[in-house]
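>
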Amino acid sequence: MTTNNRLGFSLIENAYDSLDHGIEHLEKAVTEDNPFEYKRAVLDFCHAAELLLKEVLFRINPIYVFDKNDLFKRCEDPLNPTINELYICRSLEVNPLCDAIRKYAPDLSANTGANLKVFSNTAAPFRNKIQHFCFETSEEEVRGILLKLSYQLLSPVYTYLDMDKEFDPIMERLYVAFRMENVINYHSEELRDQNKVFDIGSCFSCGLYGLFLLFDNSTGYTNSCHCVGCGFALPKIPIEEYRVCPECSGYTLIYSSELQGGVCTYYRCANHKDGGILISMEFCTDCHDYKVEEVCKCTEDI
Numbered sequence: 090m091t092t093n094n095r096l097g098f099s100l101i102e103n104a105y106d107s108l109d110h111g112i113e114h115l116e117k118a119v120t121e122d123n124p125f126e127y128k129r130a131v132l133d134f135c136h137a138a139e140l141l142l143k144e145v146l147f148r149i150n151p152i153y154v155f156d157k158n159d160l161f162k163r164c165e166d167p168l169n170p171t172i173n174e175l176y177i178c179r180s181l182e183v184n185p186l187c188d189a190i191r192k193y194a195p196d197l198s199a200n201t202g203a204n205l206k207v208f209s210n211t212a213a214p215f216r217n218k219i220q221h222f223c224f225e226t227s228e229e230e231v232r233g234i235l236l237k238l239s240y241q242l243l244s245p246v247y248t249y250l251d252m253d254k255e256f257d258p259i260m261e262r263l264y265v266a267f268r269m270e271n272v273i274n275y276h277s278e279e280l281r282d283q284n285k286v287f288d289i290g291s292c293f294s295c296g297l298y299g300l301f302l303l304f305d306n307s308t309g310y311t312n313s314c315h316c317v318g319c320g321f322a323l324p325k326i327p328i329e330e331y332r333v334c335p336e337c338s339g340y341t342l343i344y345s346s347e348l349q350g351g352v353c354t355y356y357r358c359a360n361h362k363d364g365g366i367l368i369s370m371e372f373c374t375d376c377h378d379y380k381v382e383e384v385c386k387c388t389e390d391i
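So that you can map any letter, position 182 of the sequence shown is 271 in our numbering, and since no number is skipped, the others follow by simple counting.
Given below as structure tokens:
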């Protein structure tokens, strides 16, 4: 007598499986110096990103995940399709998917700081290059893409979905797989040999404790910073661009157009200790100064 065991699958479980497989490929890539494994790691991480974003939309309304034209073409009632009809509908590609998230789940970015552009503008095009073109890359480029995608998008979406599994172990396995401790030690020795004065803080782009903050001896201010993990950098920081950091009260806050937020360059600031937390910061066109955590000269004069 045979029994039919029913199998259950979910987007979240599939996403976590993709991340797990991606890191396994990454670990092989580094230890075996195998380019094919790097390729698989990128594909798996991008697949996980798509699944998690689709899960966000599914929880609001399943039809938001699918191409509108395909819904009207294949479903008797496009606004209330059956599950069997959805099985044959085309789901959204990356850019329309990110647009749908912005429209139907704006609180994802507002509440967690999730950066959809790191997927649509950086990781997804790189995946397409892997799938459809012949090109050369480097471990550094792959490392930067995976660290940024994980820290700026995957981890915030995990928080937003309130998943049972924590994302922190994924980040830790990424750092170990890329042997970041060795990279940081090697870079530190290089800077010491050059008589550079520096501190190390947490990167605001990837969360790695690998943001090197270099000082100008004549002013005592940080005049540049760069992350040895993801490649994020502020190569030249004019002193006049600094503002007061609301967290540590130091004159150490600088705006990053890439991250669209404020970066504190004081390595002892709590924002470094918490893993590189961006500060809300944007330019105010009325008073021609920066608005930091919704406060600028305009609001101070009220």
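For every residue, glycine included, the Cβ atom is placed at its ideal position computed from N, Cα and C.
1) To the nearest angstrom, how far is it from the Cα of Glu230 to the Cα of Gln241?
2) Apart from the five residues on each side of it in sequence, which residues of its chain come closer than 6 Å, Cβ to Cβ, to Cys353?
3) By the three-class DSSP mapping on this structure, what secondary structure does Ile112 have?
4) Below 8 Å on the Cβ atoms is my contact criterion, and I expect Gly233 with Cys292 to pass it. Report the Cβ-Cβ distance as a whole number of Å.
5) Can you have a look at Gly296 and say buried or exposed, based on whether 16 or more other CB atoms are within 10 angstroms of its CB?
6) Figure out for me which residue from Tyr310, Lys325, Ser345 and Gly365 has the closest Cα to the Cα of Gly339.
7) Please look up how many angstroms separate the CB atoms of Lys143 and Ser180, rounded, as I've assumed it's under 8 Å.
8) Near Leu236, which residues of its chain fall below 7 Å by C-beta distance, leaving aside the five closest residues on each side in sequence?
9) So, at 8 Å on beta carbons, what are the nonlocal neighbours of Asp305 in its own chain, with the 5 sequence-adjacent residues on each side left out?
10) Straight-line CA distance for Gly97 to Met269?
11) Check whether the segment 128-147 and the segment 159-175 are in contact - that is, three or more C-beta pairs closer than 8 Å.
12) Measure the Cβ-Cβ separation of Cys373 and Lys362 and say whether it is below 8 Å.
13) What span of residues does the alpha helix (DSSP H) with Val145 cover, start to end?
14) Pair every Cβ in the segment 200-217 with every Cβ in the segment 170-178, then say whether three or more of these pairs are closer than 8 Å.
15) Could you say which of Phe321, Tyr127, Ile368 and Pro185 lies nearest to Gly202 if we only look at CA atoms?
16) Thinking just about the alpha-carbon of each residue, which of Glu228, Cys337 and Leu303 is nearest to the one in Glu124?
17) Kindly say whether Leu303, judged by its beta-carbon, lies nearer than 8 Å to any beta-carbon of chain B.
18) Are Ala266 and Ile112 closer than 8 Å when you measure CB to CB?
19) Alpha carbons only, please: which of Ala130, Asp106, Tyr105 and Leu108 is nearest the one belonging to Lys117?
20) Determine the closest residue to Gly364 out of Asp188, His110, Cys376 and Glu261, with distance taken between C-alpha atoms.
21) In whole angstroms, what is the alpha-carbon distance linking Asn416 and Tyr153?
22) Starting from the Cα of Cys187, find the closest Cα among Val246, Thr226, Pro324 and His221 and give me that residue.
23) Closest by CA to Glu174, which one among Pro151, Arg281 and Leu100?
24) What is the rounded straight-line gap between the Cα of Asp109 and the Cα of Glu102?
This is what the structure holds:
1) So the alpha carbons of these two residues sit roughly 16 Å apart.
2) Contacts found: Cys334, Thr341, Leu342 and Asn360.
3) If DSSP states are grouped into helix, strand and coil, Ile112 belongs with the helices.
4) Not confirmed; about 11 Å, so no contact.
5) Result: buried.
6) Per the Cα distances, Tyr310.
7) Sure, about 7 Å apart at Cβ, within 8 Å.
8) Answer for Leu236: Leu263, Cys295, Leu297, Gly318 and Cys319, listed in chain order.
9) Counting only residues of its own chain and dropping the five nearest sequence neighbours on each side, Asp305 has a CB closer than 8 Å to the CB of Thr311 and Asn312.
10) Confidence in Gly97 is poor, its pLDDT being 45 and thus under 50, which makes the residue's placement too unreliable to answer from.
11) Under the Cβ criterion (8 Å, minimum of three pairs), the segment 128-147 does not count as touching the segment 159-175.
12) No, the Cβ-Cβ distance between Cys373 and Lys362 is not below 8 Å.
13) First-last of the alpha helix (DSSP H) with Val145: Pro124 to Ile149.
14) Below 8 Å, too few C-beta pairs join the segment 200-217 and the segment 170-178 to call them touching: fewer than three.
15) Considering only alpha carbons, the answer is Ile368.
16) Note that residue 124 is Pro in the sequence shown, not Glu. The shortest Cα separation from Pro124 among Glu228, Cys337 and Leu303 belongs to Glu228.
17) In summary, chain B is missing from the structure at hand, where a single protein chain is found.
18) Yes, they are a contact pair.
19) From the listed residues Ala130, Asp106, Tyr105 and Leu108, the smallest Cα separation to Lys117 is found for Ala130.
20) Checking every option, the nearest Cα to that of Gly364 belongs to Glu261.
21) For residue 416 there is no data in the structure shown, the boundaries of the chain being 90 and 391.
22) It is Val246 whose Cα lies nearest to the Cα of Cys187.
23) For the residues Pro151, Arg281 and Leu100, the minimum Cα distance to Glu174 belongs to Pro151.
24) Each residue's Cα considered, the two are about 10 Å apart.
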